[in-house]
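If you use the numbering used here, the sequence shown corresponds to residues 2 to 493, in order. Using N, Cα and C, we set each Cβ at its ideal position, and we do this for glycine too. It should be emphasised that the depicted structure is a prediction, and the values quoted were computed from it without experimental measurement.
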Amino acid sequence: MKLCDLLKSCDYTLVSGSADVEIKDIIYDSRKVIGGCAFVALKGYNVDGHRFIPDAVERGAVALVVEDDGIAYEGVTVVRVQDARATLALMSVEYFGHPADELTTVAVTGTKGKTTTVAMIRSILETAGIKTGTIGTLGILIGERIYKTNNTTPESYEIQQAMRHMLNDGCRAMVIEASSLGLKWHRTDGILFDYGIFTNFSSDHIGDSEHKDMAEYLSCKRMLFSRCKVGIINKDDENAQAVIAGHTCSIETYGYDEGADLVAHGDELVARSGFIGVRFDTTGVEELSVEVAIPGRFSVYNALAAIALCRHFDIDRRAILDGLSHVKVKGRVEAVPVPGSYTMLIDYAHNAVSMENVLTTLREYHPHRLITLFGAGGNRPKSRRYEMGEVSGRLSDLSVVTEDNSRYEDVMDIIADIKVGLDKVGGSYIVIPNRIDAIRYCIENAEDGDIIVLAGKGHEDYQEIRGVKYHMDEREIISGILGDSPDDENPN
2 MKLCDLLKSC DYTLVSGSAD VEIKDIIYDS RKVIGGCAFV ALKGYNVDGH RFIPDAVERG
62 AVALVVEDDG IAYEGVTVVR VQDARATLAL MSVEYFGHPA DELTTVAVTG TKGKTTTVAM
122 IRSILETAGI KTGTIGTLGI LIGERIYKTN NTTPESYEIQ QAMRHMLNDG CRAMVIEASS
182 LGLKWHRTDG ILFDYGIFTN FSSDHIGDSE HKDMAEYLSC KRMLFSRCKV GIINKDDENA
242 QAVIAGHTCS IETYGYDEGA DLVAHGDELV ARSGFIGVRF DTTGVEELSV EVAIPGRFSV
302 YNALAAIALC RHFDIDRRAI LDGLSHVKVK GRVEAVPVPG SYTMLIDYAH NAVSMENVLT
362 TLREYHPHRL ITLFGAGGNR PKSRRYEMGE VSGRLSDLSV VTEDNSRYED VMDIIADIKV
422 GLDKVGGSYI VIPNRIDAIR YCIENAEDGD IIVLAGKGHE DYQEIRGVKY HMDEREIISG
482 ILGDSPDDEN PN
């Protein structure tokens with residue numbers, strides 16, 4: 002494809018060379034440059050891609066897309082733009098042939114609930130026979146394949162590439178977590194989403210490399226509702242009106258507020274053998290009695306968002322109900338099949354705030370015992386360990402203290418810090434340094450009515466020790482223990 006065709010939707014100045022040059026690919030990481038590509042020099046918070054232009058040229062880039070003046074190389078086309086990230090997005094749209102035009106596209110934004118809401122939507126649509134690809138915290142999911150990404154909302158090139166792969170794999174819909182930083186850094190530019198969803202808004206992502214203040218954070222969330230056709234909004238959130246200020250889309254709402262288009266009533270927590278979740282009814286645009294296989298009252302909001310979205314598809318109500326009753330979010334209070342009358346969950350909670358949220362939620366189910374297995378990451382602030390120990394000591398009937406990604410620290414040093422927090426609140430605990438042994442202990446000592454949480458690893462399938470990532474998937478470990486098959490390789 003010619004450079005001029007890739008740039009047809011962009012404002013640019015041709016500094017040198019010809020815009021008719023043929024381009025084999027678009028690259029923004031100089032280490033991945035191939036001969037005949039266009040190199041786009043992105044400016045990040047810590048790294049400026051312009052520094053790597055000489056390397057890109059040496060590796061065979063035939064065109065450069067830059068923001069700075071004074072860049073010239075013999076035989077290389079140079080194009081100057083105002084914003085290279087925005088330009089990368091529009092070039093990627095052209096390069097992959099406008100894949101969003103062939104999919105029903107959904108973007109979910111909000112401080113919390115994005116990952117779960119995306120999973121719920123996918124579960125419903127796939128139950129209805131609509132193959133759906135997703136992009137978010139867990140990576141790019143197409144069919145049963147997961148491709149890991151560096152960010153919740155990856156760079157625009159990866160998004161456009163993923164959508165093209167989804168189409169090639171038979172997908173009819175795409176659902177993406179549109180983070181505030183993804184919107185800020187133009188990663189979703191060039192897509193007019195069919196639907197945009199707002200879950201909620203609270204303090205997060207404030208700092209030098211993220212958002213300068215809450216006002217900017219909110220304004221980035223707001224961007225989505227001038228880039229979608231239909232906005233689906235949590236009416237109960239106090240920032241709902243601020244988020245849709247200046248919107249160009251039509252607006253629909255959900256919540257407990259009787260003025261919402263889709264209203265939840267009578268929620269109740271449900272726990273039985275093999276199922277832990279919540280039940281509620283809806284009125285308004287849909288009248289349903291719903292069970293959701295994810296614990297906590299907050300699951301009602303995520304499910305409402307999914308219902309409000311999926312009602313726009315030509316699907317049977319049964320698909321909505323079945324999709325929600327069987328939904329799983331990998332590593333987010335994920336129930337794992339176990340024999341007996343206890344519940345085992347895997348969750349990504351790896352700091353005090355997330356741990357408190359999960360354990361407080363599970364306390365509402367009045368378990369016989371709430372048992373929390375956890376460790377803490379090495380080469381991270383010690384305060385995090387003390388705080389996690391305090392939280393688990395307060396809210397758990399028993400804490401099973403073990404390893405997490407110890408990195409370059411000694412596991413026992415990390416555990417000693419956790420014990421400081423546990424001892425401060427008088428929490429009951431047992432120390433089992435090896436995580437596989439700790440999981441085995443929980444299974445072999447489970448009692449009827451227990452809820453056991455394996456916290457910290459979540460969707461991760463590795464254990465990082467002294468710079469090496471060893472394979473460790475807790476689902477496989479549990480299955481192996483229950484089946485008396487050999488354990489995973491023990492890296493210790």
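In terms of Cα proximity to ASP268, the closest of ALA377, PHE299, LEU371 and ILE479 is PHE299.
For ALA20, same chain residues with a beta-carbon under 8 Å away, outside a window of 5 residues either side, are LYS3, LEU4, CYS5, LEU8, THR78 and VAL80 in chain order.
Note that the segment 401–414 touches the segment 365–384; at least 3 beta-carbon pairs, one per stretch, sit closer than 8 Å. Taking a C-beta distance under 7 Å as the contact criterion, ASP348 and GLY459 qualify as a contact pair. By the Cβ test, the segment 242–250 is in contact with the segment 221–232, since at least three Cβ pairs between them sit closer than 8 Å. If you check the CB distance, LEU142 and THR135 come in under 7 Å. Counting only residues of its own chain and dropping the five nearest sequence neighbours on each side, ARG123 has a CB closer than 7 Å to the CB of THR133, THR135 and VAL176.
The segment 42–92 contains, as complete alpha helix (DSSP H) runs of 4+ residues, the segments 54–59 (chain order).
Proximity to THR403 across VAL432, VAL392 and ARG385 peaks at VAL432, based on C-alpha coordinates.
Taking 7 Å as the cut-off, the Cβ atoms of ARG52 and TRP186 do not count as close.
Rounded to whole angstroms, the Cβ separation of ILE28 and VAL22 is 15 Å, and the two are not in contact under 8 Å.
In the DSSP assignment, GLU178 falls within the unbroken beta strand (DSSP E) covering 174–178.
Exposed is the label assigned to GLY484, since fewer than 16 other Cβ atoms lie within 10 Å of its Cβ. The Cβ atoms of VAL119 and GLU156 lie no closer than 7 Å to each other. If you look at SER326, you'll find it in the alpha helix (DSSP H) that goes 318–326. The segment 290–308 makes contact with the segment 320–330, as at least three CB pairs between them are under 8 Å. Exclusion of the five residues before and after TYR387 leaves ASP418, VAL421 and GLY422 as the residues of its chain whose Cβ lies within less than 7 Å of its Cβ. Per the DSSP secondary-structure output, THR110 pairs in a beta bridge with PHE199.
The beta-carbon separation of VAL107 and LEU346, rounded to 27 Å, does not stay under the 8 Å limit for a contact. Straight across, the Cα-Cα distance linking PRO340 with ALA353 is about 30 Å.
The segment 389–399 and the segment 359–371 touch, with three or more beta-carbon pairs separated by less than 8 Å.
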